[in-house]
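K.L.:
Residue numbers (UniProt numbering): 1 to 865. Note that CB positions come from ideal geometry on N, CA and C, so glycine has one too. Predicted model, so just to flag it, every value in this text is computed and none were measured.
1) Going by Cα to Cα distance, which pick from 36, 440 and 310 is closest to residue 814?
2) Among 306, 227, 315 and 190, which one has its Cα closest to the Cα of residue 33?
3) For residue 721 and residue 99, which I take to be in contact (beta-carbon distance under 8 Å), what is that distance rounded to the nearest angstrom?
4) Pairing CB atoms from the region 613-620 with CB atoms from the region 548-564, are three or more of them under 8 Å?
5) Residue 630 lies in the beta strand (DSSP E); which residues open and close that run?
6) Could you compute how far the alpha carbon of residue 570 sits from the alpha carbon of residue 833?
7) Tell me whether the region 216-228 and the region 165-183 touch, counting them as touching only if at least three CB pairs, one residue from each stretch, are closer than 8 Å.
8) Per DSSP, what kind of secondary structure is residue 212 in: helix, strand or coil?
9) Looking only at its chain, what residues have a beta carbon closer than 8 Å to the beta carbon of residue 2, apart from the 5 residues adjacent to it on each side?
10) As an exercise, report each continuous beta strand (DSSP E) stretch of at least 3 residues that is fully enclosed by the region 72-113, in chain order.
11) On a Cα-Cα basis, can you pick out the residue from 187, 304, 699 and 451 that is closest to residue 387?
12) Exposed or buried, which one is residue 221 when buried takes at least 16 other CB atoms within 10 Å?
13) Taking just the CA atoms, how far does residue 117 sit from residue 202?
14) What's the C-alpha gap between residue 542 and residue 175?
15) When burial is assigned at 16 or more other CB atoms within 10 Å of the CB, is residue 298 buried or exposed?
16) Tell me which residue opens and which closes the alpha helix (DSSP H) that residue 796 is part of.
17) Could you tell me the distance, in whole angstroms, from the CA atom of residue 339 to the CA atom of residue 45?
18) Pick helix, strand or coil for residue 565, following the three-state DSSP scheme.
19) Report the partner residues of residue 649 according to the DSSP bridge assignment.
20) I need the straight-line Cα distance from residue 88 to residue 200, nearest angstrom please.
21) Does the Cβ of residue 224 have 16 or more other Cβ atoms within 10 Å, making it buried, or fewer, making it exposed?
22) Measuring CB atoms only, is the region 243-250 touching the region 571-587, in the sense that at least three cross pairs come out at less than 8 Å?
23) If you drop the 5 nearest sequence neighbours on each side, which residues of the same chain put their C-beta closer than 6 Å to that of residue 694?
24) Which two residues bound the contiguous alpha helix (DSSP H) that contains residue 360?
25) Taking buried to mean at least 16 other C-beta atoms within 10 Å of its own C-beta, is residue 444 buried or exposed?
26) Rounded to the nearest angstrom, what separates residue 405 and residue 627 at their Cα positions?
27) Could you spell out the range, first to last residue, of the alpha helix (DSSP H) harbouring residue 536?
28) Which same chain residues end up closer than 7 Å to residue 309 when comparing Cβ atoms and leaving out the 5 residues on each side of it in sequence?
29) Determine the DSSP secondary structure at residue 171, reduced to helix, strand or coil.
30) Could you check what DSSP says for residue 292 in three-state terms: helix, strand or coil?
31) Is DSSP giving residue 321 helix, strand or coil here?
32) Which one of 739, 697 and 744 has the shortest CA to CA distance from residue 334?
33) Under the assumption that residue 446 contacts residue 483 (Cβ atoms under 8 Å), give the Cβ distance between them as a whole number of angstroms.
34) Provide the residue(s) that pair with residue 576 in DSSP beta bridges, ordered along the chain.
35) If you run the structure through DSSP and keep just helix, strand and coil, what is residue 270?
36) Where residue 312 and residue 489 are concerned, what is the direct C-alpha to C-alpha distance, given to the nearest angstrom?
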């Protein structure tokens, strides 16, 4: 059939009908719009964070072909000249960066980059500026000058020529603002929260004389393998030759895993909306059987009828998607801010800039909404093709409710539920648990297909009991629910999906929080934590000076001092931390939550430095466990250690490897790498329980630190740090709870819509009861009992589905996505008050619909045409 004619027929057959019954369509379109708005806003928010991170990494990397680094340490600057002289190298440039902060703390720590403006030209990092003179020249010729973006300068209240005092973990200095960074390049790093200075100025300011973070290299023949091998051959073992995007790939992997989790969660709202589309298309197909028969008698094929009803579902999806755009605008802004903050805290620093509607994400949202709506309409459309053309000769009659005989969808339902375990065992790809998400979808669909069977069973078994205790209305409601088949099962499917998600997330979050709380108090133990200023945000790259170490040692007479050093490294593309600490004192006051290995044997090996322990994340992501060996180069030292234990650790930026500080220092001394007697990047104090109050001891230590070291170090009490970690954990799930709430709203809307559809479809039946003597109260009681039975069934199936899903989340999806698991624990108290609350809310949503009953007079509906 001609496409133009088919479209015209669609408007004749469906659009006119929708215009005659706008109320039915409005609720469905609103439900689809809410689901599409959530799905679109999450996709856009995640794209904004991923784009911010990728753009920053690309601008910082510039046009480099290779980079030279020293994992866990700085690169000697002398290698810049050596590499420039190599025949395979066309350009080499040093690079330094650190997070600094202004004295007045008007802005959060921002990135200060040190480069050589002349050597950096071939790398195209875009050092354009406006101000006193050419940007690069001013950085070289004028001491302590800096370029800033307009955004950062405005936040600091600076104009060109102004001065600002900046602080680095190793020192402080007053800088002159020589110009404003403009255009692309470095000006786009971290959303414009960046400043640039000459590398010599940076080294003087930071005290990092003769070293750089890395050396960027441009090759004469980038694709020539022999040149890369020749370069590798001239470098010493402690220097690594890497591709510039290695850190980018690691960060993107973490972001994509988080994005996949949020996308699946947001898709549930759209999935729940699918049941609304199914419900209305099924009603329209049933109530327009005679019109469909007339259409068939006039020569239309079954295929034409099928396409028309599928187009109706797609039409509702189209209207819902367009309505989702204005509905989603306030949600998108909140999502971009919330997701960006969560990503920055948990994974990598991002600064999503102005909101931009990404065409690709809009296209994915549009296609997903239309596809889901069309799929929802396909089953009612297939039923409509079974209408006989002979029905065109019959008088209009109310459509008989579908009885749903036999096994129906029971066998495929049980098959899908049974497939969950096998699907969840499929390996992750690129850090994304596709098998786990497929298992989740199979679980939802399986339980949705199971709901007609459960309704039939419930109707048969409960009808006599309800009749005995609550009278005829409850009996008739149970019989009606039992005969409903798929007609009422769609609302049960929408509610059970939302309830299952609520139950699963409640259990997962409760288990996660309790495990994190135990980890915080066991492993993040200590009464006071001290680090060089801004060392956390600078990834512990700075160590205490010798005078700072002396002050810390002097405080050990009041409290046990446990120093540590932390290195941020990459194992392949997996970011991880190598942490060395003083175990003899740490294990007296705290410890670890063990997953694998003999704790007693592992502690002995840690104390004598003959083994290391790794976090569960590191073990799961690398496939290394107890009995395997950990091998890597750390700050120039080749480390080869047996793994003697696996412990829980919930640092979100990769795994952790723990080793003895004393043994590590001895190994560095033997290798001639020890630069000073003590190399600590942090320390914690444990105040003993004695005659003096612990708070008084803590106050004395903090006062001494401030008097002798001023603001060169940062310190925080252990209880404050633990509260902050748990607060960050709670904030992390704020987005999750908003998505869950919207899914529950859509599900409640589904109950109300399905009940409205049921009333409209059974108007003749209900008015017949009224004409035969049934009161309005009795008829409304029947429908109220029906709603209660639907909500009860939805909650019961949802609870069972949610329990299975919670196990899948805790031991499957989280393990594959992030590498961690947690101790499974059901939050019975929350479920005991939340499930009845959901029941009341879903039932309350259906109460306004009961006003539709008996609106027309019985005589009008019962008369012959």
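P.N.:
According to the structure shown:
1) 440
2) 315
3) Not quite, the Cβ-Cβ distance comes to about 19 Å (not below 8 Å), so this is no contact.
4) no
5) 629-634
6) 46 Å
7) no
8) strand
9) none
10) 89-102
11) 304
12) exposed
13) 13 Å
14) 22 Å
15) exposed
16) 776-808
17) 6 Å
18) strand
19) In DSSP, residue 649 forms no bridge with anything.
20) 27 Å
21) exposed
22) yes
23) 687
24) 359-384
25) buried
26) Reliability of the predicted coordinates at residue 405 is poor, the pLDDT of 45 falling under 50, and the value obtained from them is presented with this limitation in mind. Answer to the nearest angstrom: the Cα atoms are 58 Å apart.
27) Where residue 536 is concerned, there is no enclosing alpha helix (DSSP H), given that its DSSP letter is neither H nor E.
28) 281, 285, 377, 380, 381 and 384
29) strand
30) helix
31) helix
32) 739
33) Actually they are not in contact, since the Cβ atoms of residue 446 and residue 483 sit about 23 Å apart, beyond 8 Å.
34) 569 and 655
35) helix
36) 21 Å
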